[in-house]
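Asker:
There are 2 protein chains.
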Amino acid sequence: MSKSETKVLHALERVGGFASAQELHMVLKRNQEAIGLTTVYRALQSLVADKSVDLLRREDGEAIYRLCGDAHHHHLVCKNCGKTVEIEGGVIEKWAQKSGEEHGFRDIGHTAEIFGICSDC
Amino acid sequence: MSKSETKVLHALERVGGFASAQELHMVLKRNQEAIGLTTVYRALQSLVADKSVDLLRREDGEAIYRLCGDAHHHHLVCKNCGKTVEIEGGVIEKWAQKSGEEHGFRDIGHTAEIFGICSDC
DNA sequence: AGCAGAAATGGAAATGGTTGTCATTTTCAA
DNA sequence: TTGAAAATGACAACCATTTCCATTTCTGCT
Chain A
5 MSKSETKVLH
15 ALERVGGFAS
25 AQELHMVLKR
35 NQEAIGLTTV
45 YRALQSLVAD
55 KSVDLLRRED
65 GEAIYRLCGD
75 AHHHHLVCKN
85 CGKTVEIEGG
95 VIEKWAQKSG
105 EEHGFRDIGH
115 TAEIFGICSD
125 C
Chain B
5 MSKSETKVLH
15 ALERVGGFAS
25 AQELHMVLKR
35 NQEAIGLTTV
45 YRALQSLVAD
55 KSVDLLRRED
65 GEAIYRLCGD
75 AHHHHLVCKN
85 CGKTVEIEGG
95 VIEKWAQKSG
105 EEHGFRDIGH
115 TAEIFGICSD
125 C
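Residue numbers (our numbering), protein chains in the order written: chain A, 5 to 125; chain B, 5 to 125.
(1) Look at the Cβ atom of R110 of chain B, then the Cβ atom of S123 of chain A, and state whether they are nearer than 9 Å.
(2) Does the distance from the CB of I96 of chain A to the CB of H78 of chain A come in under 9 Å?
(3) At least one CB of chain A closer than 9 Å to the CB of W21 of chain B: is that the case?
(4) The alpha helix (DSSP H) spanning R148 of chain B covers which residue range?
(5) Does any residue of chain A have a CB that is nearer than 9 Å to the CB of A67 of chain B?
(6) Going by DSSP in three states, E37 of chain B sits in which element: helix, strand or coil?
(7) Hey, is V57 of chain A's beta-carbon within less than 9 Å of any beta-carbon in chain B?
(8) On the three-state DSSP scale, how would you describe S50 of chain A?
(9) Could you name the residues of the same chain whose beta carbon sits closer than 8 Å to that of A38 of chain A, not counting the 5 residues immediately before and after it, in chain order?
(10) The alpha helix (DSSP H) that contains G104 of chain B, what's its start and end?
(11) How is G56 of chain B classed by DSSP in three states: helix, strand or coil?
(12) Taking Cβ positions, are A67 of chain B and L41 of chain B nearer each other than 9 Å?
(13) Looking only at its own chain, which residues have a Cβ that is under 6 Å from the Cβ of H114 of chain B, when we skip the five neighbours before and after it?
(14) May I ask you to list, following chain order, the residues of the segment 24–48 of chain A that have a beta carbon less than 9 Å from some beta carbon of chain B?
(15) I'd like to know if H107 of chain A contacts chain B, where contact means its C-beta is closer than 9 Å to some C-beta of that chain.
(16) Name the one or two DSSP bridge partners that A67 of chain A has.
(17) When you compare only the Cα positions, how much space is there between K87 of chain B and V81 of chain B?
(18) Is the beta carbon of I118 of chain B closer than 9 Å to that of S103 of chain A?
(19) Under DSSP, the alpha helix (DSSP H) around H14 of chain B begins and ends at which residues?
(20) State the start and end residues of the unbroken beta strand (DSSP E) segment that holds D124 of chain A.
(21) Kindly list, in the order they appear in chain B, the residues whose Cβ is closer than 7 Å to that of L80 of chain A.
(22) Mind reading off the beta-carbon distance from L59 of chain B to Y45 of chain B? Whole number of angstroms is fine, and I expect it under 8 Å.
(23) Taking CB distances under 9 Å as the criterion, tell me whether E117 of chain B reaches chain A.
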């Protein structure tokens with residue numbers, strides 16, 4: 005594991021959830037852990053390829069990253085105020101795995117998000 | 005409904021599934037239905053706001069659109085060759101609805117996609 | 001029909017996240 | 001130490017999407 009990958013992992017731990025490449029870059033800058041933006045992107049690519057980090061998408065398409073090994077869960081997001089609740093998703097894991105296998109797929113992953121309007125909005 | 009929105013809806017029917025804004029623009033060009041790219045984007049924004057069209061994301065973050073009212077289903081996509089299989093997702097509908105309600109959300113929707121490597125790859 | 005104001009249109013330029021390029025620096029084995 | 005290979009980062013290129021703005025089309029009114 006290269007030095008930059010270590011730094012990026014460390015930054016991901018610090019933010020403790022999701023972060024975009026640009027956000028991680030800013031976090032690293034603020035902590036005298038200076039590292040180029042290009043290198044952050046490269047490190048994230050390797051980490052995703054190694055399955056050390058998960059890649060998701062925000063609603064606007066921006067890529068966001070999360071440490072694997074975090075309990076795998078999904079999100080319930082308010083379309084109005086952005087409030088986010090973590091949801092248990094065992095049902096989904098099984099559904100994805102089963103559906104994939106039935107069609108002869110391997111190396112199966114999935115994304116699932118729920119959105120709506122929260123009680124405060 | 006403006007003229008351009010009609011054209012875009014028509015193009016979406018013709019492609020019969022998912023299409024990006026750029027793809028829809030090309031489809032329209034090819035069929036003497038010339039219309040500016042900007043207008044395609046604007047029409048899609050309105051249609052999404054009206055809930056006439058659904059907005060999803062490809063894995064690379066590009067926005068893709070689909071007619072609402074199509075039987076609601078999900079997709080199993082090969083990460084390697086792009087082959088797509090439509091999947092029945094009743095389980096997911098229930099899971100999304102239930103999870104949302106439990107947290108006091110209303111107007112609940114969801115996205116879910118499965119991806120993997122297909123048997124031909 | 002003729003007119004004014006509003007809405008729609010589309011080409012060009014701007015934006016912003018992401019990736020490619022390439023010269024320089026660091027690492028590491030011989 | 002030394003030379004090849006990998007890593008790094010500033011900068012430019014890319015591409016989907018949005019913004020800008022001048023022009024055209026629509027609409028209601030007389």
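Where is the CB? At the ideal position from N, CA and C, for every residue including glycine. On a predicted model such as this, the values are computed, not experimentally measured, just so you know.
Answerer: Per the coordinate set shown:
(1) Mapped onto the second sequence, residue 110 of chain B falls at position 106. Mapped onto the first sequence, residue 123 of chain A falls at position 119. The answer is yes: Cβ separation under 9 Å.
(2) Counting from one through the first sequence, the residue named residue 96 of chain A turns up at place 92. Counting from one through the first sequence, the residue named residue 78 of chain A turns up at place 74. Judged by beta-carbon spacing, H78 of chain A lies within the 9 Å limit of I96 of chain A, meaning their Cβ atoms are closer than that value.
(3) Counting from 1 along the second sequence, the entry for residue 21 of chain B is found at position 17. The residue asked about is misnamed: residue 21 of chain B is Gly in this sequence, not Trp. Chain A contact via Cβ: absent.
(4) The question about residue 148 of chain B has no answer, for chain B in this structure spans 5 to 125.
(5) Sequence index remark: in the second sequence, residue 67 of chain B carries index 63 (1-based). Interface criterion met: the Cβ of A67 of chain B is under 9 Å from a Cβ in chain A.
(6) Within the second sequence, numbered from 1, the residue matching residue 37 of chain B stands at position 33. DSSP, read as helix, strand or coil, puts E37 of chain B in coil.
(7) The residue given as residue 57 of chain A occupies position 53 in the first sequence. In terms of beta-carbon proximity, V57 of chain A stays away from the interface with chain B, with every pair separated by 9 Å or more.
(8) Counting from 1 along the first sequence, the entry for residue 50 of chain A is found at position 46. Note: S50 of chain A maps to helix in three-state DSSP.
(9) Locating residue 38 of chain A in the first sequence gives position 34, where the first residue counts as 1. The answer, listed in chain order, is L32.
(10) Reading the second sequence from its first residue, position 100 is the one you call residue 104 of chain B. For G104 of chain B, the enclosing alpha helix (DSSP H) begins and ends at 94–106.
(11) If you number the second sequence from 1, residue 56 of chain B lands on position 52. Per the sequence shown, residue 56 of chain B should be read as Ser rather than Gly. Three-state DSSP puts S56 of chain B in coil, outside helix and strand.
(12) Stepping through the second sequence from its first residue, residue 67 of chain B is reached at position 63. Stepping through the second sequence from its first residue, residue 41 of chain B is reached at position 37. No; because the gap between Cβ atoms is not below 9 Å, this pair is not in contact.
(13) Numbered from 1 along the second sequence, position 110 holds the residue referred to as residue 114 of chain B. Taken in chain order, the residues that qualify are A100.
(14) none
(15) Against the first sequence, residue 107 of chain A aligns to sequence position 103. At least one chain B Cβ lies under 9 Å of H107 of chain A.
(16) Position 63 of the first sequence, counted from the start, is the residue given in the question as residue 67 of chain A. Its beta-bridge partners are A:R61.
(17) Numbered from 1 along the second sequence, position 83 holds the residue referred to as residue 87 of chain B. Numbered from 1 along the second sequence, position 77 holds the residue referred to as residue 81 of chain B. Their Cα atoms are separated by approximately 6 Å.
(18) By 1-based counting over the first sequence, the position of residue 103 of chain A is 99. By 1-based counting over the second sequence, the position of residue 118 of chain B is 114. Their beta carbons are under 9 Å apart, which means S103 of chain A touches I118 of chain B by this criterion.
(19) For the purposes of this step, residue 14 of chain B is taken as the residue at position 10 of the second sequence. Counting along the chain, the alpha helix (DSSP H) containing H14 of chain B begins and ends at 7–19.
(20) Locating residue 124 of chain A in the first sequence gives position 120, counting from the first residue. Where D124 of chain A is concerned, there is no enclosing beta strand (DSSP E), given that its DSSP letter is neither H nor E.
(21) The residue given as residue 80 of chain A occupies position 76 in the first sequence. What L80 of chain A touches in chain B: S103, G104, H107, F109.
(22) Walking along the second sequence from the start, residue 59 of chain B turns up at place 55. Walking along the second sequence from the start, residue 45 of chain B turns up at place 41. 12 Å between Cβ atoms; not a contact.
(23) By one-based count along the second sequence, residue 117 of chain B stands at place 113. For E117 of chain B, the nearest CB of chain A lies under 9 Å from its own CB, placing it at the interface with that chain.
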